[in-house]
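J.: Right, I'll just put the structure down here and ask away after.
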Amino acid sequence: NGLWIGTEVSLMHFNGSNLMEFTQAEGYFGGETNRDAFLVTQDNRLMFGGSSGLSIFNSKNTKSAFQPKIPSCEITGIQVDSIIYSPYHNIDLRFRDNSFLVSFTPISLSGRKEILQQIMLAGLENNWRTLRDKHTQTAFYSNLQPGVYNFMYRVSNDDGRTWCRAEISGNITVAIPFWQKWWFFLLLFAGIAGVSIIAFSIFTRQQNAIQLKQEVEKRTIELQTANKEKDLFFSIIAHDLKSPFNAIIGFSDILNNDYDSFSEAEKKLFIRNIHDASENTYKLIEKLLDWSRAKTGRLNYKPEMIDLSVLGASMISTYRNAAAKKDIVIKSLFGYHSKVYADPNLLETVFRNLISNAIKYSNPNSEIILSAEKSENYTAISITDQGIGIPPDAVEVLFNIHKKTSTPGTHEEMGTGLGLIVCKEFCEVNKGSIKVRSTPGKGSVFTFTVPSTKAE
């Protein structure tokens with residue numbers, strides 16, 4: 006059944022295609038074998054004598070007769086810090102205890118000295134790792150991520166043809182730290198959201214407090230300014246009312262005491278002076294009421310579309326007699342159906358004050374021109390006179406009640422300057438503004454703006 010060859014350390018068998026070597030690892034104990042130390046028994050057993058002893062096996066199954074002895078292997082323990090765990094149970098480790106030492110032992114029943122050891126930590130490694138030192142019996146793993154691991158160990162003493170495999174029967178589980186768990190993220194999100202809400206609430210309250218403080222300070226300043234303006238306005242009115250009331254009282258007292266001693270012409274003069282003084286008093290009171298309504302917010306602002314050509318004709322009719330006393334002609338250049346959007350009462354008050362001032366400061370035999378220029382959203386209305394004009398330093402403070410100036414008219418008409426203050430207030434209520442251009446000795450142009458149409 007083939008060719009048998011003895012060597013100094015083994016027995017070789019060649020069956021025509023394969024060559025097998027049998028050593029002590031396969032159960033051959035003969036040592037050096039000579040050519041004549043061979044015998045076939047009647048039951049077909051083969052007997053080989055060698056320097057170390059006699060080997061007998063069944064010739065019909067040489068493969069099983071010299072089958073290599075498979076080594077055994079065992080995982081003996083798992084050590085975490087100073088605690089040793091059994092490999093036959095599940096091991097649960099805290100995330101801080103993510104390092105451990107595995108101990109294992111190979112046991113070879115053959116005489117071979119070479120042992121092949123391989124290890125693998127499932128969950129960390131995908132392939133077997135060969136231990137270079139055959140005497141190594143431990144494996145250390147450190148800084149493992151949270152997860153489930155299983156240690157496997159195998160041994161071979163025939164160059165990897167047959168293996169002994171061992172693995173722990175339980176799993177090694179490294180716990181997930183609490184900051185990586187879903188409930189921690191939920192709590193963290195809730196905490197951040199809560200802190201954000203609280204911070205936003207505190208910030209909002211602080212901003213509201215700051216805004217309220219600013220509003221209070223602003224309102225306080227406005228009230229203080231309004232009180233100062235009110236006191237100043239009343240002091241001006243009180244001062245300017247003295248003259249017309251003195252005239253009324255004086256002329257009426259003269260007529261009351263010496264009525265029969267005066268001629269009819271003198272009586273009419275006294276009556277005319279009383280009338281003029283009464284008219285001036287009425288105008289002052291009217292301006293006081295207008296200013297008071299503007300400052301206290303009691304203006305009944307009801308804007309509507311107003312035809313400037315109609316309003317201009319009405320103003321010319323109202324002031325025709327006053328202008329005629331100086332031979333002044335008032336002309337309206339308002340186009341037909343030229344309209345603006347404003348409160349009619351406020352707009353008429355502005356016209357009355359500006360036309361009255363224009364007559365007061367115009368030279369005799371001159372003209373007063375009413376005109377308008379329309380832009381996209383606003384209409385600029387101008388009242389131009391050919392009067393004495395206004396000095397540049399007076400123009401700068403013309404609409405400032407704290408720096409009120411008053412100049413006599415061309416016929417020594419007296420004024421308070423309060424009419425322009427009222428004009429400024431009413432123009433602003435009508436969503437517009439007012440300004441003046443003036444050249445001393447040539448005249449002035451007062452221009453104020455009002456919306457052309459109702460805002461969308």
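6 is the number of the first residue of the sequence shown in this note's numbering; add one for each residue after it. Cβ coordinates follow ideal geometry from the N, Cα and C atoms, glycine included.
#1: Does the beta-carbon distance from Leu465 to Lys344 come in below 8 Å?
#2: Which whole-angstrom value is the C-beta distance of Ser104 and Ser147, which I expect to be below 8 Å?
#3: Which residue's Cα is closest to the Cα of Phe183: Asn155, Pro151 and Lys379?
#4: Taking the CB atoms as reference points, tell me whether Phe404 and Ile439 lie closer together than 8 Å.
#5: Just to confirm my understanding: we take Gly317, look at its own chain, exclude 5 residues before and 5 after, and list those with CB closer than 6 Å. What are they?
#6: For Thr454, count neighbouring C-beta atoms within 10 Å of its own C-beta (all shown protein chains included) and say buried if the count is 16 or more, exposed if not.
#7: So, does the stretch 385 to 405 touch the stretch 433 to 452, judging by three or more C-beta pairs under 8 Å?
#8: CB-CB under 7 Å to His94, same chain, minus the five flanking residues each way: which ones, in chain order?
#9: Check whether the stretch 36 to 43 and the stretch 10 to 21 touch, using three or more Cβ-Cβ pairs below 8 Å as the test.
#10: Quick check: the stretch 345 to 365 against the stretch 319 to 327, are there 3 or more CB pairs under 8 Å?
#11: Whole angstroms are fine: how far does the CA of Ala460 sit from the CA of Phe205?
#12: Only counting the same chain, and skipping five residues up and downstream in sequence, which positions put a Cβ closer than 7 Å to that of Arg99?
#13: Which same chain residues end up closer than 8 Å to Arg50 when comparing Cβ atoms and leaving out the 5 residues on each side of it in sequence?
#14: Taking all protein chains shown into account, do 16 or more other C-beta atoms lie within 10 angstroms of the C-beta of Tyr33, making it buried, or fewer, making it exposed?
#15: What is the rounded straight-line gap between the Cα of Phe109 and the Cα of Arg134?
#16: For the alpha helix (DSSP H) that Thr384 lies in, which residues bound it at each end?
#17: Is DSSP giving Phe339 helix, strand or coil here?
#18: Give the DSSP bridge partners of Gly55, in chain order.
#19: Which residues bound the alpha helix (DSSP H) around Thr323?
#20: Going by beta-carbon coordinates alone, are Lys330 and Ser367 separated by less than 8 Å?
#21: Measure the CB-CB distance between Ile83 and Ile202 and report whether it falls below 8 Å.
#22: Contact check, Phe250 vs Thr286 under 8 Å by CB: the rounded distance?
#23: Nearest to Ile290 by alpha carbon, out of Val427, Phe275, Val434 and Phe451?
#24: Specify the secondary structure class of Leu352 as computed by DSSP and reduced to three states.
#25: Tell me where the beta strand (DSSP E) around Gly392 begins and ends.
#26: Just to confirm, is the Cβ distance from Thr452 to Ile373 under 8 Å?
#27: Within its chain, find whatever has a CB closer than 6 Å to the CB of Ser77; leave out the 5 residues flanking it on each side and keep chain order.
#28: Going by DSSP, what residue range makes up the beta strand (DSSP E) through Asp265?
#29: Give me, in chain order, the residues of the same chain whose beta-carbon lies closer than 8 Å to that of Asn155; leave out the 5 immediate sequence neighbours on both sides.
#30: In terms of residues, what are the limits of the beta strand (DSSP E) holding Phe156?
#31: If you compare alpha carbons, which of Gln185, Glu79, Ser91 and Glu271 is closest to Arg159?
#32: Within 10 angstroms of its Cβ, does Asn162 collect 16 or more other Cβ (buried), or is it exposed?
#33: For Val402, which of helix, strand or coil comes out of DSSP?
#34: Going along the chain, which residues of its own chain have a beta-carbon closer than 6 Å to the beta-carbon of Leu149, five neighbours each way excluded?
#35: Which residue's Cα is closest to the Cα of Met157: Gln122, Gln229 and Tyr346?
#36: Our contact map puts Ala144 next to Val107 with C-beta atoms below 8 Å; I'd like the distance itself, whole angstroms only.
T.: Inspection of the coordinates gives the following:
#1: The structure shown does not extend to residue 465, since the chain spans only 6 to 461, so no value can be given for it.
#2: Numbered from 1 along the sequence shown, position 99 holds the residue referred to as residue 104. Numbered from 1 along the sequence shown, position 142 holds the residue referred to as residue 147. Between Ser104 and Ser147 a beta carbon distance of about 4 Å is seen, short of the 8 Å cut, so the two are scored as contacting.
#3: In the sequence shown, counting from the first residue as 1, residue 183 sits at position 178. Residue Pro151 is the option with its Cα nearest to Phe183.
#4: Against the sequence shown, residue 404 aligns to sequence position 399. Against the sequence shown, residue 439 aligns to sequence position 434. Cβ atoms of Phe404 and Ile439: closer than 8 Å.
#5: Here residue 317 refers to the residue found at position 312 when the sequence shown is read from its first residue. Ser337, Phe339 and Leu375, listed in sequence order.
#6: Counted from its first residue, the sequence shown places residue 454 at position 449. By the Cβ neighbour-count rule, Thr454 is buried, with 16 or more other Cβ atoms within 10 Å of its own.
#7: In this structure the stretch 385 to 405 lies against the stretch 433 to 452, because at least three pairs of beta carbons, one per stretch, are closer than 8 Å.
#8: One-based indexing of the sequence shown puts residue 94 at position 89. The beta carbon of His94 lies closer than 7 Å to those of Gly175 in the same chain, with the five residues before and after it left out.
#9: Yes, they touch.
#10: Note that the stretch 345 to 365 touches the stretch 319 to 327; at least 3 beta-carbon pairs, one per stretch, sit closer than 8 Å.
#11: The sequence position of residue 205 within the sequence shown is 200, counting from 1. The sequence position of residue 460 within the sequence shown is 455, counting from 1. One C-alpha to the other measures close to 37 Å.
#12: Residue 99 sits at position 94 when you count from the first residue of the sequence shown. Result list for Arg99: Ala180, in chain order.
#13: Against the sequence shown, residue 50 aligns to sequence position 45. The answer, listed in chain order, is Ile61, Phe62, Asn63 and Ser64.
#14: Along the sequence shown, one-based indexing puts residue 33 at 28. Tyr33 comes out buried.
#15: Residue 109 sits at position 104 when you count from the first residue of the sequence shown. Residue 134 sits at position 129 when you count from the first residue of the sequence shown. If you take the alpha carbons of Phe109 and Arg134, they lie about 15 Å apart.
#16: Residue numbering aside, residue 384 sits at position 379 when the sequence shown is read from its first letter. Careful: Thr384 lies outside any alpha helix (DSSP H), inside the beta strand (DSSP E) at Tyr383 to Thr389.
#17: Sequence index remark: in the sequence shown, residue 339 carries index 334 (1-based). It is coil, neither helix nor strand.
#18: Locating residue 55 in the sequence shown gives position 50, where the first residue counts as 1. Per DSSP, the beta-bridge partners of Gly55 are Thr38 and Gly58.
#19: Counting from 1 along the sequence shown, the entry for residue 323 is found at position 318. That run of the alpha helix (DSSP H) goes Leu313 to Thr323.
#20: Residue mapping note: residue 330 aligns to position 325 of the sequence shown, counting from 1. Residue mapping note: residue 367 aligns to position 362 of the sequence shown, counting from 1. Lys330 is not a Cβ neighbour of Ser367, given a cutoff of 8 Å.
#21: Translated into positions along the sequence shown, residue 83 becomes position 78. Translated into positions along the sequence shown, residue 202 becomes position 197. In this structure, Ile83 lies away from Ile202, with their beta-carbon atoms at least 8 Å apart.
#22: Stepping through the sequence shown from its first residue, residue 250 is reached at position 245. Stepping through the sequence shown from its first residue, residue 286 is reached at position 281. Correct: roughly 7 Å between the Cβ atoms.
#23: The count along the sequence shown starts at 1 and reaches residue 290 at position 285. Out of Val427, Phe275, Val434 and Phe451, Val427 has the C-alpha closest to the C-alpha of Ile290.
#24: As a working mapping, residue 352 is identified with position 347 in the sequence shown. Helix.
#25: Here residue 392 corresponds to residue number 387 of the sequence shown, with the count starting at 1. Following the DSSP letters along the chain, one finds Gly392 in no beta strand (DSSP E), marked with neither H nor E.
#26: For this step, residue 452 is matched to residue 447 along the sequence shown. For this step, residue 373 is matched to residue 368 along the sequence shown. No, the pair does not count as a contact, with Cβ atoms beyond the cut-off.
#27: Looking up residue 77 in the sequence shown gives position 72. Non-local C-beta neighbours of Ser77 in its own chain, meaning closer than 6 Å and more than five positions away in sequence, comprise Ile112 and Cys169, ordered along the chain.
#28: Taking the first residue of the sequence shown as position 1, residue 265 is located at position 260. Asp265 -> no beta strand (DSSP E), and no H or E assigned at all.
#29: The sequence position of residue 155 within the sequence shown is 150, counting from 1. Within its own chain, the residues whose Cβ lies closer than 8 Å to the Cβ of Asn155, once the five positions on either side in sequence are excluded, are Leu126, Ala127, Gly128, Glu172, Ile173, Asn176 and Ile177, listed in chain order.
#30: Within the sequence shown, the letter at position 151 stands for residue 156. Membership of Phe156 in the beta strand (DSSP E) is indicated by the continuous run Gly152 to Ser161.
#31: Stepping through the sequence shown from its first residue, residue 159 is reached at position 154. When the alpha-carbon of Arg159 is set against those of Gln185, Glu79, Ser91 and Glu271, the nearest one is in Glu79.
#32: Position 157 of the sequence shown, counting from 1, holds the residue named residue 162. The residue is buried, with at least 16 neighbouring Cβ atoms inside 10 Å.
#33: Walking along the sequence shown from the start, residue 402 turns up at place 397. Note: Val402 maps to coil in three-state DSSP.
#34: Within the sequence shown, numbered from 1, the residue matching residue 149 stands at position 144. Within the same chain, Leu149 has close Cβ partners Asn103 and Val179.
#35: Counting from one through the sequence shown, the residue named residue 157 turns up at place 152. The candidate whose alpha carbon is nearest that of Met157 is Gln122.
#36: Against the sequence shown, residue 144 aligns to sequence position 139. Against the sequence shown, residue 107 aligns to sequence position 102. With a Cβ gap of about 5 Å, Ala144 and Val107 count as contacting.
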